[in-house]
Structures are given as structure tokens and as C-alpha cells.
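Engineer: The working numbering puts the first residue of the sequence shown at 825, with every later residue one more than the last.
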Amino acid sequence: MGKISSLFKLTPFIKKHRLVFIAGIIGMLLGSIIATPIPYIIGIIMDKVLIAKKGYNQLYYYIGIIAVLYVLRYFISIFSNYMFVKINNLVVNELRCTVMDKVMELPMSYLANTEKGYVQSRIAECSTVGSIFSPSYVGIVLSLTDAVLALVTMFAINYKLSIVILILTPLFFFSSKMSMGNFMKNTKEMLEYNATLNGECFEIINGIEDIKILNGKNNHLKKFNDKLSKLVKSSLKQSKSMIIFMGNITFINNFGSLLVLLIAGILILKGEFTVGLYTSFSLYITKVFSSIQGIGTMGTMIKPVCLSIERVYELLDMDDENSGKDKNLNEEIKSIKLENVAFKYKNNTKNVLNNINFEIIKGEKVLIKGENGSGKSTIIKLLLGLYNPVEGRILCNNIDMSMINTKSLRERIGIVSQSIFLFKGTVLANILYGQTKKKLKDVEELIKKLGLQEYINRLPKALDTEITQNNSGISGGQAQVIAFIRVILSNKDVIILDEPISNVDVETRDLILGILRDKDFNGTLIVVSHVIEGMDFLNRVIEI
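(1) Output the residue ranges of the alpha helix (DSSP H) runs that lie fully inside the segment 1283-1320 and measure 4 residues or longer, sorted by chain position.
(2) Within the same chain, show all residues whose beta-carbon is closer than 8 Å to that of LYS1158, passing over the 5 residues directly before and after it, in chain order.
(3) In terms of residues, what are the limits of the alpha helix (DSSP H) holding THR1230?
(4) Quick check on DSSP: helix, strand or coil for GLU949?
(5) DSSP puts ILE1185 in a beta bridge; with which residues?
(6) Per DSSP, what are the beta-bridge partners of ASP1322 in this structure?
(7) Which stretch, first to last residue, makes up the alpha helix (DSSP H) that contains LEU1091?
(8) Bridge partners of GLY1379, per DSSP?
(9) What separation, rounded to the nearest whole angstrom, lies between the Cα atoms of ALA948 and THR1020?
(10) Look at the Cβ atom of VAL1165, then the Cβ atom of GLU1215, and state whether they are nearer than 9 Å.
(11) By Cβ distance below 7 Å, which residues in the same chain neighbour ILE1280 in space, the five residues on each side in sequence not counted?
(12) According to DSSP, simplified to helix, strand and coil, what is ASN1216?
(13) Taking the alpha-carbon positions, what's the HIS1354 to GLY1194 distance?
(14) As a quick exercise: from ARG1310, LEU1210, SER960 and THR1011, pick the residue whose alpha carbon is nearest that of ASP1144.
(15) Do you know how far the Cα of CYS921 is from the Cα of PHE1345?
(16) Where ILE1255 and LYS1047 are concerned, what is the direct C-alpha to C-alpha distance, given to the nearest angstrom?
(17) Can you grab the Cα-Cα spacing for the pair ALA1088 / LYS878, in whole Å?
(18) If we ignore side chains and look at the alpha-carbon of each, how far apart do MET1227 and GLY1148 end up?
(19) Is VAL1084 closer than 9 Å to ILE964 when the C-beta atoms are compared?
(20) Which residues does DSSP pair with VAL909 in a beta bridge?
(21) Helix, strand or coil: which one does DSSP assign to GLU1096?
(22) Once you ignore the five residues that flank PHE1167 on each side, which residues in its own chain have a CB closer than 7 Å to its CB?
(23) Just to confirm, is the Cβ distance from LEU1140 to VAL923 under 9 Å?
(24) Does DSSP classify VAL1176 as helix, strand or coil?
(25) Straight-line CA distance for LEU1131 to ILE828?
(26) Would you kindly report the start and end of the unbroken alpha helix (DSSP H) that includes VAL1267?
(27) Mind reading off the beta-carbon distance from ILE1366 to ILE1192? Whole number of angstroms is fine, and I expect it under 8 Å.
(28) Where ASP1329 and ILE1319 are concerned, what is the direct C-alpha to C-alpha distance, given to the nearest angstrom?
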């Protein structure tokens, strides 16, 4: 885990913004080149101006040159840093969008068995990936240019001291590389504990009402604290690794500088070196050592980013729900047939459905009847392609549904679920959700045709009524009617109603039953319910 080669997975995202990326790199390279002469000029000031006491004019002259170089580097630095900040945002946002797109395409067999907070944490790791484009990370790579230019200049100043630096460089490199110890292991562990903690947070927030009602606070708080404790321990281990690393680097750096000072001091006493050149040399040494330290630890520092890339790609590389489903349903649904269908959920030991056989033909109004827990809702999920049978097969127009692209299937099947989920926004927006060809006029005409004007107008702002989180602001019956209007408006080949009257008030029940009784459906109507009262308009019953 955390292989440097994972960085190449970002290539498609970088290619789209390569001009910005190249501009940033060129800016950093120019900054390095411009900064290279500065330590040497400082040495000249020390020897030929200050120590030799040549006067103010030369001091002003050399200081002016350094000032110009600093100003140039300042503007180039701002430009290049902005380019990398820009590409950071562009790549991260595009990656985040790609991951979200993938998550929505993942099979329910994965999503139903994975904590939503855990998946959310994986998506959030896209931000960590973006740090690879931060000026500090890119600067580590480009600091190699600084080091090479500094070494060339150092050899021009004094080859003896430069050889000493070359001997120290591998020691400094490997010490930096080895000092990180278990940093990566601790980082991976911390990321996993963080994702698990996020999953626990999501569950608490999502179920806060039931936690309050059932006095479950202590139970959830204990689980939260247990997971938080693991995260804290892992974080402390990671921090300890970093502290040891920084201590080792400082220690080696200090003794390296001390050795250079000793040799330079001997050369100065012998008249073979000057204080000014030593000053220049010291500044160049700092460039070389910091570059080598950065290169030596770059792999370890970048590995958390690589680890995040790999974790993100664990999602992106998963087979989506349409994997292997290359047939589109291009004609209306004329028949649906279940042959010896059996199904069980991933963590179940027993089948929810066993040996189910029936066929529904276009134009039929069918009641699928059964007691609670008999598997009626599971049949709906199978018909919608959310899950695949573990045995048997489902045929749609005599085509095995396991081969049909789910998007083309769901374009022809509409559903009103037992548990209505409405999105934040207006009632109108929820009715039109997923229907790009329908407009306000179509909704108003349908409401009038169904005789629901008075019902809708009772809402605070009619179709403009705002729905907030968890359907707040409307009743369960109103949510049912909104979902019902939405599915009728879609005019799909097959309409499925899951327990349409079991959890609603009398008025809503009578409204729905009246519409179902009086409306002519051109396609197929499937009603799933354990309540059969008022269902006399259905012409066939399938009992589970």
C-alpha cells in the first residue's frame, strides 16, 4: 500500500489541465535559477565590501542586485504557487466528482453492507490527494534543481569542502529515509480508524431521533468513544514517528554543519579560504541538505497521498452495477417473468425468496400479496435491478435481466416505495426529479386530471412548498401523494406501488385507491401489499 506508482493514476486528471501544471513547474524552475547566485553575492559582500571596507557604493550595488533577484523570485513564486493551488482545486474537484459518480453506480450489494459514513470518508480523502500539488510537495521535487545548482557553485568556490559535502550527502539521505520508521503503517491505520469513526458519526446523526426515544445515548456514546480511542492511539503513534524523524534530521544536520565549520576554519587559518566564501558555502549547504532531506523523505511524505489515491481507486476500480450488462431495453416492456428465483442478502444465512415463479403481461393490474417479511419488497428490488437473484432468472421481454443495462431498465419502470425519500427542495422539484422533458405545465395538467388540486393547494405554498431534511415540513401521507404524482407523470411502462395504503391516513388512502380504480393505465400496474381491502380493481393476485 502507498506505492509511489499510484501517482500515475492521476495522469488523466492532470492532462486536462496540463498547461496550468507546466506553467507552475516552469515558474518554480525559474525561481530556483534566479535564487542560485544570491549566496555567492552575499559572500562577495562579506569579503570584498565589509571586511575589505571598500565603501558604501559597492554595498549598495550588490544589495541592489540581490533585491532585484528577490523581487523577481517573489513575483515568479506567487505565479507558480497560484498555478499549483489552481490545479490542486481543479484536480481534486474533478476527482471528487468522479468518485461520487462511481459511488452512485456501485451495486446495492456493496452499498447496503457498507456504512454510509465510511463511504463518505473515502470521498473526503480526495482532498488529501490534492495535497500532492501543493507548492511544498512540488518544491521538494524541484529542490533537486536547487541542490544541483548549489553543488556546481560550491565546486567552483572550493572543491575540497564540496567533496566533504558529497560524502555527507548519502549519509544524510539514508538517515532521512530510515528515520520515518513505522510512519506509513501508522498513517494507514489512522486513515482506517478515521473512516470507521466517521461511519459511527453518520449513524448517530442519522438515527438521532430513535436514539433519543430509546434512551440509547450511552450505548452509542460508548461505541463512539471506543472508536475514538483507537483513532487517538493511532494518531499519537504517527505523531511520535514524526517527532523522532525531525529530531534525527536536526541532529544529523547540526553535526554535518559542525564538520564543515571545522574544515572551513582550518582552511581559513591557512589562508586558503575566506569568511565570505564560508558564508556563501554555508548557505549553499543549507540548500543541498534541505533538498536531500526532502528527496530522502519524499517517498514517505508522499505515501500518505499515494495511500489515499489507492483507497479512492478501490472504489473507482470496483465493478459497477452495470458490469457485464451490455443490452439496452429499447422497446416497451411487454412481459416480466420470474423462473425459479431465489435470493438472499449478503449477510443472511437463509434465503429471503425461494423458487418464485410467475409472469406478468403488459396491461395487467397485479397484486403481489403476502405477509410482512415474506419477501415482497425484495421482489421489487430484483425487478428494478438493484440486486440479482442467487438462483433462477428474471426475464424482461424474454431477455435475461442480468444482461440488461439498469439505466435503460429503470427508464421504463417507475416505483412509489414504502419508505418515501424526498430531496431537499420544492414539491415541484421533487415531482419533476429525473424527468428532464417535463415542465410545470405538465405537472399542473396531471394534478388537475387526477383531481388533486385541492389536496396540493393545502400545502403551505402549494407546489412551491419547501421540503427539508427527512421530509420535514410535510406529512407521510403528503409525501406519498407527491411520490405518486411523480410516478404517474413519468408515464413508464411498468408502475410499482409498494404498500401504497398501509401507512397513510384515510384521506390519502381513498385518494390513491380512487385514482388507481379510475385511471386507465396503458402499461402494467403492480401493487405490492399485505392489505387487500379496496383492491378490487386489480385483475390478478400473486401470493408470496
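Each residue gets a CB set at the ideal place from its N, CA and C atoms; glycine is no exception.
Note that the structure is predicted; figures quoted are calculated from it, not measured.
Structural biologist: Checking against the coordinates, here is how it stands:
(1) 1300-1314
(2) As a first step, residue 1158 is located in the sequence shown; it is residue number 334 there, counting from the start. ILE1185, LYS1186 and ASN1221.
(3) Here residue 1230 refers to the residue found at position 406 when the sequence shown is read from its first residue. Here the alpha helix (DSSP H) through THR1230 covers 1230-1234.
(4) Counting from one through the sequence shown, the residue named residue 949 turns up at place 125. DSSP places GLU949 in coil when its eight states are reduced to three.
(5) Numbered from 1 along the sequence shown, position 361 holds the residue referred to as residue 1185. Beta-bridge pairing links ILE1185 to SER1159.
(6) Here residue 1322 refers to the residue found at position 498 of the sequence shown. According to DSSP, which records beta bridges pairwise, ASP1322 is partnered with VAL1352.
(7) Residue mapping note: residue 1091 aligns to position 267 of the sequence shown, counting from 1. Looking at the DSSP string, the run of the alpha helix (DSSP H) that includes LEU1091 is 1041-1093.
(8) In this structure the chain extends from 825 to 1368, so residue 1379 is not present and cannot be described.
(9) Along the sequence shown, read from residue 1 onward, the residue named residue 948 stands at position 124. Along the sequence shown, read from residue 1 onward, the residue named residue 1020 stands at position 196. If you take the alpha carbons of ALA948 and THR1020, they lie about 13 Å apart.
(10) Your numbering for residue 1165 matches position 341 in the sequence shown. Your numbering for residue 1215 matches position 391 in the sequence shown. Yes. Within cutoff.
(11) As a first step, residue 1280 is located in the sequence shown; it is residue number 456 there, counting from the start. So the list reads ILE1271, ALA1286 and LEU1287, once near-sequence residues are dropped.
(12) Counting from 1 along the sequence shown, the entry for residue 1216 is found at position 392. Looking at the sequence itself, residue 1216 is Gly, so the reference to Asn does not match. GLY1216 falls in the strand class under three-state DSSP.
(13) Residue 1354 sits at position 530 when you count from the first residue of the sequence shown. Residue 1194 sits at position 370 when you count from the first residue of the sequence shown. Each residue's alpha carbon lies about 5 Å from the other.
(14) For the purposes of this step, residue 1144 is identified with residue 320 of the sequence shown, where counting begins at 1. Considering only alpha carbons, the answer is LEU1210.
(15) Along the sequence shown, read from residue 1 onward, the residue named residue 1345 stands at position 521. Along the sequence shown, read from residue 1 onward, the residue named residue 921 stands at position 97. Approximately 39 Å, taken between the alpha carbons.
(16) Taking the sequence shown and counting its residues from 1, one reaches residue 1255 at position 431. Taking the sequence shown and counting its residues from 1, one reaches residue 1047 at position 223. Going from the Cα of ILE1255 to the Cα of LYS1047 covers about 40 Å.
(17) Indexing the sequence shown from 1 puts residue 1088 at position 264. Indexing the sequence shown from 1 puts residue 878 at position 54. When rounded, the distance between both Cα atoms is 25 Å.
(18) Here the question's residue 1227 lines up with position 403 in the sequence shown. Here the question's residue 1148 lines up with position 324 in the sequence shown. Using only the alpha carbons, I get a separation of about 7 Å.
(19) In the sequence shown, the residue the question calls residue 964 occupies position 140. In the sequence shown, the residue the question calls residue 1084 occupies position 260. No; because the gap between Cβ atoms is not below 9 Å, this pair is not in contact.
(20) Here the question's residue 909 lines up with position 85 in the sequence shown. DSSP, once it has assigned bridges, lists no residue as partnering VAL909.
(21) Here residue 1096 is taken as the residue at index 272 of the sequence shown, counted from 1. GLU1096 falls in the coil class under three-state DSSP.
(22) Position 343 of the sequence shown holds residue 1167. Closer than 7 Å at the Cβ level, and outside the excluded window around PHE1167, lie ASN1175, VAL1176, LEU1177, THR1202, LEU1206, TYR1211, PRO1213 and VAL1214.
(23) Taking the first residue of the sequence shown as 1, we reach residue 1140 at position 316. Taking the first residue of the sequence shown as 1, we reach residue 923 at position 99. In contact: LEU1140 and VAL923 (Cβ atoms closer than 9 Å).
(24) Reading the sequence shown from its first residue, position 352 is the one you call residue 1176. It is coil, neither helix nor strand.
(25) Counting from one through the sequence shown, the residue named residue 1131 turns up at place 307. Counting from one through the sequence shown, the residue named residue 828 turns up at place 4. Each residue's Cα considered, the two are about 9 Å apart.
(26) Stepping through the sequence shown from its first residue, residue 1267 is reached at position 443. VAL1267 -> alpha helix (DSSP H) spans 1264-1274.
(27) What you label residue 1366 is simply residue 542 of the sequence shown in a count that begins at 1. What you label residue 1192 is simply residue 368 of the sequence shown in a count that begins at 1. The pair is a contact, with the Cβ atoms about 5 Å apart (cut-off 8 Å).
(28) As a working mapping, residue 1329 is identified with position 505 in the sequence shown. As a working mapping, residue 1319 is identified with position 495 in the sequence shown. Near 22 Å, if we compare the C-alpha coordinates of ILE1319 and ASP1329.
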